[in-house]
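S.K.: Dropping the structure in here first, questions after.
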Amino acid sequence: MLLIHCPCCGPRDETEFTCAGESHVQRPQPPEEVTDARWAQYLFFHRNPRGVVCERWCHVLGCGQWFNVARETVTHEIRKVYAMGEPRPEV
Amino acid sequence: MRMKDYSALSLLRRAIVTSTPERPVWRSPDPAPRYDVLIIGGGGHGLATAYYLARNHGITRVAVLEKGWIGSGNSGRNTTVVRSNYLFPESAGIYEFSLQLYEKLSRDLNFNIMLSQRGLVSLAHSRHELESFRNWVNCVQLNGVDAELLTIGEIRDLIPILNVSADSCLPILGGMQQGRAGVARHDAVVWAYARAADRLGVDIVQNCEVTGFVRDDAGICGVHTTRGTIRAGRVGLAVAGHSSVLAEMAGFRLPIRSYALQAFVSEPVKPVLDKVVLSGTLGVYVSQSDKGELVVGGGLDHYQSYAQRGSIGTVEDTVASLLELFPCFSRLRLLRQWAGTVDVVRDSSPIIGASPVAGLYVNCGWGTGGFKAIPGGGWVFAHTLATGEPHPLAAPFALARFERGALIDEAAAAGIAH
Numbered sequence: 007m008l009l010i011h012c013p014c015c016g017p018r019d020e021t022e023f024t025c026a027g028e029s030h031v032q033r034p035q036p037p038e039e040v041t042d043a044r045w046a047q048y049l050f051f052h053r054n055p056r057g058v059v060c061e062r063w064c065h066v067l068g069c070g071q072w073f074n075v076a077r078e079t080v081t082h083e084i085r086k087v088y089a090m091g092e093p094r095p096e097v
Numbered sequence: 062m063r064m065k066d067y068s069a070l071s072l073l074r075r076a077i078v079t080s081t082p083e084r085p086v087w088r089s090p091d092p093a094p095r096y097d098v099l100i101i102g103g104g105g106h107g108l109a110t111a112y113y114l115a116r117n118h119g120i121t122r123v124a125v126l127e128k129g130w131i132g133s134g135n136s137g138r139n140t141t142v143v144r145s146n147y148l149f150p151e152s153a154g155i156y157e158f159s160l161q162l163y164e165k166l167s168r169d170l171n172f173n174i175m176l177s178q179r180g181l182v183s184l185a186h187s188r189h190e191l192e193s194f195r196n197w198v199n200c201v202q203l204n205g206v207d208a209e210l211l212t213i214g215e216i217r218d219l220i221p222i223l224n225v226s227a228d229s230c231l232p233i234l235g236g237m238q239q240g241r242a243g244v245a246r247h248d249a250v251v252w253a254y255a256r257a258a259d260r261l262g263v264d265i266v267q268n269c270e271v272t273g274f275v276r277d278d279a280g281i282c283g284v285h286t287t288r289g290t291i292r293a294g295r296v297g298l299a300v301a302g303h304s305s306v307l308a309e310m311a312g313f314r315l316p317i318r319s320y321a322l323q324a325f326v327s328e329p330v331k332p333v334l335d336k337v338v339l340s341g342t343l344g345v346y347v348s349q350s351d352k353g354e355l356v357v358g359g360g361l362d363h364y365q366s367y368a369q370r371g372s373i374g375t376v377e378d379t380v381a382s383l384l385e386l387f388p389c390f391s392r393l394r395l396l397r398q399w400a401g402t403v404d405v406v407r408d409s410s411p412i413i414g415a416s417p418v419a420g421l422y423v424n425c426g427w428g429t430g431g432f433k434a435i436p437g438g439g440w441v442f443a444h445t446l447a448t449g450e451p452h453p454l455a456a457p458f459a460l461a462r463f464e465r466g467a468l469i470d471e472a473a474a475a476g477i478a479h
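Protein chains in written order, with the numbering used here: chain A, 7 to 97; chain B, 62 to 479.
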């Protein structure tokens with residue numbers, strides 16, 4: 007069970023949160039210039055590292071806030087919790 | 062193939078005559094410097110691929126490279142369910158082919174895989190789910206696969222211990238069954254393919270981790286491993302949850318996310334359940350093993366993971382769902398709990414065929430349902446590795462479908478929520 011430090015509510019069990027997948031995925035622009043290959047990359051071909059992944063999490067059973075979590079996928083260690091809109095951290 | 066292997070008589074003889082030591086069932090050779098085909102991953106899919114390469118295509122200069130020991134990944138961590146009641150014709154094609162191979166496998170490989178076609182009952186908990194089951198059963202039947210709708214009365218007769226009370230939290234309104242679905246002994250499937258492939262000349266190299274790829278102008282022509290560099294004409298990838306890691310090594314991405322999928326077994330009890338029972342709404346399925354243990358599976362854990370261990374939150378959810386269906390299990394204790402790293406694709410369908418790098422082919426993306434597809438997946442992947450062309454059953458599952466938008470969305474029929 008992960009103990010996640012919600013920026014608003016402090017440490018809470020993972021069961022209070024929902025994970026919405028990878029952060030920092032940019033929608034390619036402008037639409038008329040986006041190739042099928044590039045669009046498929048955007049929709050389906052995400053990072054799946056055996057290492058640190060940056061994810062969007064939401065404290066659905068608490069404050070309802072969204073934030074980013076940098077997490078190790080083998081040990082599940084949470085390296086950093088940071089705000090939406092911040093760039094990908096070096097961890 | 063010698064018919065005396067594991068016959069009742071030979072077992073009896075071994076019990077009496079103890080002077081002859083047990084012979085290893087397959088060799089443990091050092092890897093040769095070069096093979097025609099290298100298969101990375103010594104699970105069910107990798108070993109079946111090697112066997113069919115040798116048997117169907119006469120290609121015997123083949124090695125299977127396994128990081129740990131064979132069957133130590135998802136082949137040894139699944140819940141052993143086999144079925145073919147998928148929605149779309151493309152899926153029915155490959156899964157039904159696989160189930161038909163399973164039906165003959167004990168005889169083909171002269172190894173009892175303990176296939177028990179006891180039937181899989183899926184439960185509907187709402188009017189809407191019942192409606193979609195009607196559609197699903199029609200589709201399955203049109204695909205030429207057996208399926209039937211069940212009334213609540215029929216379900217009660219089939220599974221007397223099921224809680225069919227109208228007062229339960231999510232009352233059961235009906236269901237569907239594939240009678241030919243069931244379970245098979247997962248280790249036996251691995252060992253049977255390993256022995257059969259070994260006897261046809263395939264080298265099974267265990268404790269041999271791939272650390273990189275060898276390239277020439279044409280593409281990939283071998284691998285670097287912890288046991289030296291091995292060259293090959295073609296390289297096949299059958300590593301399930303670790304497909305993305307190997308793909309990154311080769312310089313491309315796959316549309317895969319790796320998640321932990323958990324399973325547990327209870328303490329053994331006398332026979333109480335002779336069906337596989339699945340509830341998609343509650344997110345649980347259960348069968349009883351020949352040893353008497355209840356084998357229980359649930360949904361995926363909620364975040365990407367390579368840990369091969371699961372979250373206790375998912376265990377609690379799954380057990381709560383199990384007790385909703387079977388209140389009489391409430392005093393059973395779970396004996397073991399584990400997780401496998403599964404390769405989940407957005408359309409819940411596999412990826413079989415050429416990779417973006419010449420010389421490298423992939424068989425991955427089976428997600429939560431790879432075990433049932435071992436014979437069929439191995440057969441079609443062997444075809445690809447032997448000929449360079451997709452097998453007709455595998456053609457719809459090419460990697461290119463993501464760019465063309467030709468997804469085969471089996472999210473519902475994949476059984477357990479992705």
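Glycine included, each C-beta is placed from N, C-alpha and C at the ideal position.
Would Gly-426/B pass as a contact of Pro-436/B if the rule is Cβ separation under 7 Å?
M.R.: Contact flag unset, no.
S.K.: Near Trp-45/A, which residues of its chain fall below 8 Å by C-beta distance, leaving aside the five closest residues on each side in sequence?
M.R.: Taken in chain order, the residues that qualify are Pro-34.
S.K.: DSSP three-state call for Ile-100/B: helix, strand or coil?
M.R.: Correct three-state label for Ile-100/B: strand.
S.K.: Among the candidates Leu-67/A, Arg-56/A, Gln-32/A, whose CA atom is the shortest distance from the CA of Arg-18/A?
M.R.: Closest option to Arg-18/A, Cα to Cα, is Leu-67/A.
S.K.: Counting only the same chain and skipping the five closest in sequence on each side, list residues whose C-beta sits under 8 Å from that of Pro-232/B.
M.R.: Correct list, in chain order: His-186, Val-225, Ser-226.
S.K.: So is Ile-413/B buried or exposed if we call it buried at 16+ other beta carbons inside 10 Å?
M.R.: Its Cβ being crowded by 16 or more others within 10 Å, Ile-413/B is buried.
S.K.: Once DSSP output is grouped into helix, strand and coil, what is the label at Ser-319/B?
M.R.: Note: Ser-319/B maps to strand in three-state DSSP.
S.K.: Check each residue of the stretch 293-306 of chain B: if its Cβ is closer than 7 Å to any Cβ of chain A, include it; give the result in chain order.
M.R.: Flagged, chain order: Ser-305, Val-306.
S.K.: I'd like to confirm the pairing. Which residues does DSSP put opposite Tyr-422/B in its beta bridges?
M.R.: DSSP, once it has assigned bridges, lists Gly-297/B, Ala-415/B as partnering Tyr-422/B.
S.K.: Helix, strand or coil, according to DSSP, for His-285/B in the structure here?
M.R.: In this structure, His-285/B counts as strand in the three-state DSSP scheme.
S.K.: For the 8 Å Cβ check, are there 3 or more pairs between the stretch 162-180 of chain B and the stretch 320-329 of chain B?
M.R.: Short answer: they don't touch.
S.K.: So which residues of chain A does Pro-316/B contact, with C-beta pairs closer than 7 Å?
M.R.: Neighbours of Pro-316/B on chain A, chain order: Phe-50, Phe-51.
S.K.: Looking at the strands, I want to know which residues DSSP matches up with Phe-274/B.
M.R.: Its beta-bridge partners are Val-284/B.
S.K.: DSSP beta-bridge partners for His-11/A?
M.R.: Pro-17/A.
S.K.: When we look at the beta-carbon of Pro-13/B and count the other beta-carbons within 10 Å, is it buried (16 or more) or exposed?
M.R.: Outside the modelled stretch of chain B, which goes from 62 to 479, sits residue 13/B, for which no answer is possible.
S.K.: Using DSSP with H/G/I as helix, E/B as strand and the rest coil, what is Ser-410/B?
M.R.: Residue state, collapsed to three classes: coil.
S.K.: Check Phe-51/A in the structure and name its three-state DSSP category.
M.R.: Phe-51/A falls in the coil class under three-state DSSP.
S.K.: Less than 7 Å between the beta carbons of Gly-359/B and Thr-375/B, yes or no?
M.R.: Going by C-beta atoms, Gly-359/B is nearer than 7 Å to Thr-375/B.
S.K.: Check whether the stretch 196-205 of chain B touches the stretch 131-150 of chain B, counting contact only when three or more Cβ pairs, one atom from each stretch, lie closer than 8 Å.
M.R.: The answer is yes - the stretch 131-150 of chain B touches the stretch 196-205 of chain B, with three or more Cβ pairs under 8 Å.
S.K.: So is Leu-239/B buried or exposed if we call it buried at 16+ other beta carbons inside 10 Å?
M.R.: Looking at the sequence provided, one finds Gln at residue 239/B rather than Leu. The residue in question, Gln-239/B, is buried, as its Cβ has 16 or more Cβ neighbours within 10 Å.
S.K.: When you compare each of Ala-472/B, Arg-295/B, His-106/B, Ala-368/B to Ala-415/B by their alpha carbons, which one comes out closest?
M.R.: The shortest Cα separation from Ala-415/B among Ala-472/B, Arg-295/B, His-106/B, Ala-368/B belongs to Arg-295/B.
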